[in-house]
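Written below as structure tokens is the structure these notes are about.
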């Protein structure tokens, strides 16, 4: 470990320590049946019991990134995320931890190299190497910036926050930054990381409010030197009402009220939510069935402006262009659709049909 600390950055050293810490705790507390590792930037909205139910008959639980189609390329850095892991104190759990620890001690760097990336890419081998590995299936657990745009968010009739009609358990606030207690930046990667108003309202506002309350408690204790503050590039941020009058900027921001206490400032438009996109797709199909090709194309292009890699919209654009004789653009859209949804049978069949006709 001393060698690793000497030749790795602070974050790389922290990653190296992950399996070692989990293994040390389980070995030194033999009466402990199960240990769950959590990243510090997770926020829970509901009981984690559904997660523990999935690991009951297994020794290990890992969860997928579940990348949205437009961020699928990030899977090269790992199919699974280290943000939440469960290990039982049994042979399978300890064996996996020993292997993972040895691998991280050998190599754990913030770069992609020879099918390795930090401590994360090693998880790809867990289901192949070890027995009794569960892969978390609950869509309410593991919502994050790399997958949230593909989901529909709502608050149901019982006041429960939901994702795709399933109770939202936790969100992983990767890339969130704190300018100051009253200013929260949802993602330093915006607008590459897209948002809808529902995502901000349902996921981010409660977290921002809790952070603000906790900072107030720290200040009451005389703790004012809070690390991680004072970032400068503000393209999107949540502002607490107590600081609104002090915000001065030369940038042109869209100003969107989120709650009584928080307002969103963004220099790019937010995405439509999944439900709105589905409605636009239905409208485009309806217009095309009535022969209103221009109107259908306009609706589909509107979707692509908001969701550049939406496979169904790309497919429909490809079909329409092909049918009106614009085969070049038709194939262009179809190949993009296939790239982002390679397993979609409709898209695959359309591409095969068009290629066959081109070759005749």
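Residue numbers (my numbering): 2 to 361.
Here a beta-carbon is modelled for each residue, glycine too, at the ideal position from N, C-alpha and C.
Can you round the beta-carbon distance between residue i and residue j to whole angstroms, since I take them to be within the 8 Å contact cut?
| i | j | result |
| --- | --- | --- |
| residue 127 | residue 52 | Going by Cβ atoms, the distance from residue 127 to residue 52 rounds to 17 Å, so no, they are not a contact pair. |
| residue 239 | residue 187 | 7 Å |
| residue 85 | residue 39 | 6 Å |
| residue 81 | residue 124 | 4 Å |
| residue 21 | residue 133 | No, residue 21 and residue 133 are not in contact; Cβ-Cβ is about 22 Å, not under 8 Å. |
| residue 317 | residue 281 | In fact, because the Cβ distance is near 10 Å, the residues do not count as touching under 8 Å. |
| residue 141 | residue 164 | 6 Å |
| residue 5 | residue 139 | Not a contact, Cβ separation roughly 34 Å. |
| residue 271 | residue 196 | 5 Å |
| residue 335 | residue 310 | Actually they are not in contact, since the Cβ atoms of residue 335 and residue 310 sit about 14 Å apart, beyond 8 Å. |
In its own chain, which residues sit with a C-beta less than 6 Å from the C-beta of residue i, not counting the 5 before and 5 after it?
| i | result |
| --- | --- |
| residue 47 | 168, 170 |
| residue 110 | 13 |
| residue 108 | 117 |
| residue 331 | 319, 322, 323 |
| residue 144 | 164, 172 |
| residue 314 | 301, 304, 305 |
| residue 198 | 271 |
Apart from the five residues just before and just after residue i, which ones in its own chain have a Cβ nearer than 7 Å to its Cβ?
| i | result |
| --- | --- |
| residue 68 | 75, 76, 147, 148 |
| residue 200 | 149, 154 |
| residue 25 | none |
| residue 78 | 113, 118, 121, 122 |
| residue 262 | 210, 241, 242 |
Which residue's Cα is closest to the Cα of residue i: the options?
| i | options | result |
| --- | --- | --- |
| residue 274 | 174, 152, 321, 92 | 152 |
| residue 212 | 341, 11, 41, 361 | 41 |
| residue 71 | 342, 350, 334, 220 | 342 |
| residue 254 | 88, 162, 174, 237 | 237 |
| residue 243 | 10, 210, 283 | 210 |
| residue 322 | 299, 179, 131, 271 | 299 |
| residue 269 | 346, 88, 351, 306 | 306 |
| residue 54 | 87, 264, 73 | 87 |
| residue 99 | 131, 83, 115 | 131 |
| residue 308 | 286, 7, 338, 287 | 338 |
| residue 16 | 65, 43, 45, 83 | 83 |
| residue 57 | 9, 136, 29, 354 | 136 |
| residue 92 | 104, 65, 60 | 60 |
For residue i, which residues from the same chain have a beta carbon less than 8 Å from its beta carbon, with the 5 sequence-adjacent residues on both sides left out?
| i | result |
| --- | --- |
| residue 248 | 240, 266 |
| residue 1 | This structure cannot settle anything about residue 1, because the visible part of the chain is limited to 2 through 361. |
| residue 183 | 213, 240, 241, 243, 244 |
Are there any heavy atoms of the ligand FAD lying less than 8 Å away from the beta-carbon of residue i, as far as the coordinates show?
| i | result |
| --- | --- |
| residue 2 | This structure does not include the ligand FAD; it has no bound ligands of any sort. |
Sequence ranges, alpha helix (DSSP H) only - wholly within the region 265 to 335, length at least 4: 275 to 290, 294 to 307, 312 to 324
Residue ranges of each beta strand (DSSP E) within the region 114 to 168, 3 or longer: 134 to 136, 142 to 144, 154 to 156, 162 to 164
Contact the region 172 to 188 vs the region 196 to 212: 3+ CB pairs below 8 Å: yes
Those runs of the alpha helix (DSSP H) which lie wholly inside the region 182 to 242 and span at least 4 residues: 206 to 221
Beta strand (DSSP E) segments (min. 3 residues) lying fully within the region 50 to 101: 61 to 65, 81 to 89
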